[in-house]
Amino acid sequence: MKVLREIDQVNTLISEWKKNGYTIGFVPTMGYLHEGHIRLIEEAKKENDKVILSIFVNPLQFGEGEDLDTYPRDEDRDRNAAEENGVDLVFLPTPGTMYPQPLSVLMTVTSRTNVLCGKSRPGHFDGVVTVLTKLFNITRPDNVYFGMKDAQQVAVVDALIKDYNIPVHLIPVPTVREQDGLAKSSRNVRLSDEERKEAPAIQESLQYGRKLVKEGQKSKELIIEATEKFLEQKTRGKIDYIELLSYPELESIENIDRPVILAAAVFYDHVRLIDNVVFNHDGHVIYG
Ligand code: PAF
Numbered sequence: 003m004k005v006l007r008e009i010d011q012v013n014t015l016i017s018e019w020k021k022n023g024y025t026i027g028f029v030p031t032m033g034y035l036h037e038g039h040i041r042l043i044e045e046a047k048k049e050n051d052k053v054i055l056s057i058f059v060n061p062l063q064f065g066e067g068e069d070l071d072t073y074p075r076d077e078d079r080d081r082n083a084a085e086e087n088g089v090d091l092v093f094l095p096t097p098g099t100m101y102p103q104p105l106s107v108l109m110t111v112t113s114r115t116n117v118l119c120g121k122s123r124p125g126h127f128d129g130v131v132t133v134l135t136k137l138f139n140i141t142r143p144d145n146v147y148f149g150m151k152d153a154q155q156v157a158v159v160d161a162l163i164k165d166y167n168i169p170v171h172l173i174p175v176p177t178v179r180e181q182d183g184l185a186k187s188s189r190n191v192r193l194s195d196e197e198r199k200e201a202p203a204i205q206e207s208l209q210y211g212r213k214l215v216k217e218g219q220k221s222k223e224l225i226i227e228a229t230e231k232f233l234e235q236k237t238r239g240k241i242d243y244i245e246l247l248s249y250p251e252l253e254s255i256e257n258i259d260r261p262v263i264l265a266a267a268v269f270y271d272h273v274r275l276i277d278n279v280v281f282n283h284d285g286h287v288i289y290g
């Protein structure tokens, strides 16, 4: 496995791979790898000759007061995990390598962002599409892999790729969960024991809402209300939002007549958790 920190070095290697006709799968991450990331690497391994993993905690996507400085980092552990799982190249740039000078051309996401997490994280997705555009240009992948836990990110990347004709296939990968249903996340380590016991209720409540649709309920209002009530009874975490929107457009709808996302964010003492389920008009799961 190669570990490269400089863009020129990556360019040279990718050109060699392209010359040999290898297909390239790309897994962009901010490190502190967990099983969710490993699942993305496994999918990429299945479908490509070469797999690139990038590890870069992108300052541009963190707002003021967010956890940029305390975001968990463990380079040695990540390198070992990458090697064990057959990654061919780890790209580990520094902020100075990615942003050697202030950008002269800025990217702004104009739809799919004023809802869900985008609402409380202004500028977050601008930072995400900026770094991904750079990473796509550096790694020139055929396929790029994203976890559906960040379904809004997948929707925004879908728009980025389509709007800018980026020649890469977006492969959304279902959320990896703990035995009790809690979505795997680098941030779960910040839950207290008590919070950890309660947190699986987030996915449980979303599945409860989905089941109402399966049973024939079509009203967005009623589904959200019932999901919220269910969740409030099972956790002392403070609900940030429960939203039901069309997917991937993330537009407001009154009745469930197309694919939708039912998503929640919950504040615990030291961490805010998100989760979602994406399903059809009849409640059939697309991504859970
Ligand atoms: O999902 C993440 O970890 C980040 O948003 C990403 C896609 C690596 C961009 O920095």
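Start counting at 1 in the sequence shown, then tack on 2, and there's your number in the working numbering. Glycine included, every Cβ here is placed at the ideal spot set by N, Cα and C.
| field | Contact the segment 207-220 vs the segment 259-279: 3+ CB pairs below 8 Å | value | The segment 207-220 makes contact with the segment 259-279: 3 or more CB pairs, one atom from each, lie closer than 8 Å.
| task | Taking only the alpha-carbon atoms, compute the straight-line gap between N257 and K220 and give it to the nearest angstrom. | result | A straight line joining the alpha-carbon of N257 with that of K220 spans about 5 Å.
| Under the DSSP definition of a beta bridge, which residues are partnered with H171? | Here H171 is bridged, per DSSP, to N145.
| From I225 to L246, what does the alpha carbon distance come to, in whole angstroms? | Rounded to whole angstroms, I225 to L246 spans 8 Å at the Cα level.
| What did DSSP end up calling V131 once you bin it into helix, strand or coil? | Note: V131 maps to helix in three-state DSSP.
| said: Which same chain residues end up closer than 7 Å to N50 when comparing Cβ atoms and leaving out the 5 residues on each side of it in sequence? | reply: These residues qualify, in order along the chain: T25, I26, G27, D144, N145.
| Is N60 near ligand 1, going by C-beta to nearest heavy atom under 8 Å? | When distances are taken from the beta-carbon of N60 to the heavy atoms of ligand 1, the shortest one is below 8 Å.
| field | Residue from T112, L62, T141 whose Cα sits closest to the Cα of L55 | value | For L55, the nearest C-alpha among the options comes from T141.
| field | When D160, V107, G88, H272 are compared against E251, the one with the closest alpha-carbon | value | When only C-alpha atoms are compared, the closest one is D160.
| request: Give a single yes or no on whether D71 has its beta carbon closer than 8 Å to a heavy atom of ligand 1. | output: No, the Cβ of D71 stays beyond 8 Å of every heavy atom of ligand 1.
| message | Measuring CB atoms only, is the segment 147-157 touching the segment 92-108, in the sense that at least three cross pairs come out at less than 8 Å? | response | Segment contact: the segment 147-157 against the segment 92-108, fewer than three CB-CB distances shorter than 8 Å; contact not assigned.
| So I276 is in the beta strand (DSSP E); what residue range does that whole segment cover? | Run containing I276: 274-281, per the beta strand (DSSP E) assignment.
| query | Using the C-alpha atoms, what's the distance from V130 back to D152? | reply | Between D152 and V130, the C-alpha separation is close to 12 Å.
| Taking the continuous beta strand (DSSP E) assigned at E245, which residues delimit it? | Here the beta strand (DSSP E) through E245 covers 240-248.
| request: Quick one: give me the first and last residue of the beta strand (DSSP E) that F93 is part of. | output: Residues 91-93.
| said: Just to confirm the assignment, what range does the alpha helix (DSSP H) spanning P97 have? | reply: 97-100 is the span of the alpha helix (DSSP H), which, as asked, contains P97.
| Among all the DSSP beta bridges, which residues are the ones paired with V268? | Looking at the DSSP assignment, V268 forms a beta bridge with I241, L275.
| Which residue comes first and which comes last in the beta strand (DSSP E) that contains K4? | Taken as a continuous stretch (DSSP letters only), the beta strand (DSSP E) holding K4 covers 4-6.
| task | Round the Cβ separation of E197 and Y270 to the nearest angstrom and send it over; I've been treating them as touching at under 8 Å. | result | Beta-carbon to beta-carbon, E197 and Y270 are separated by about 5 Å, close enough to satisfy the 8 Å threshold.
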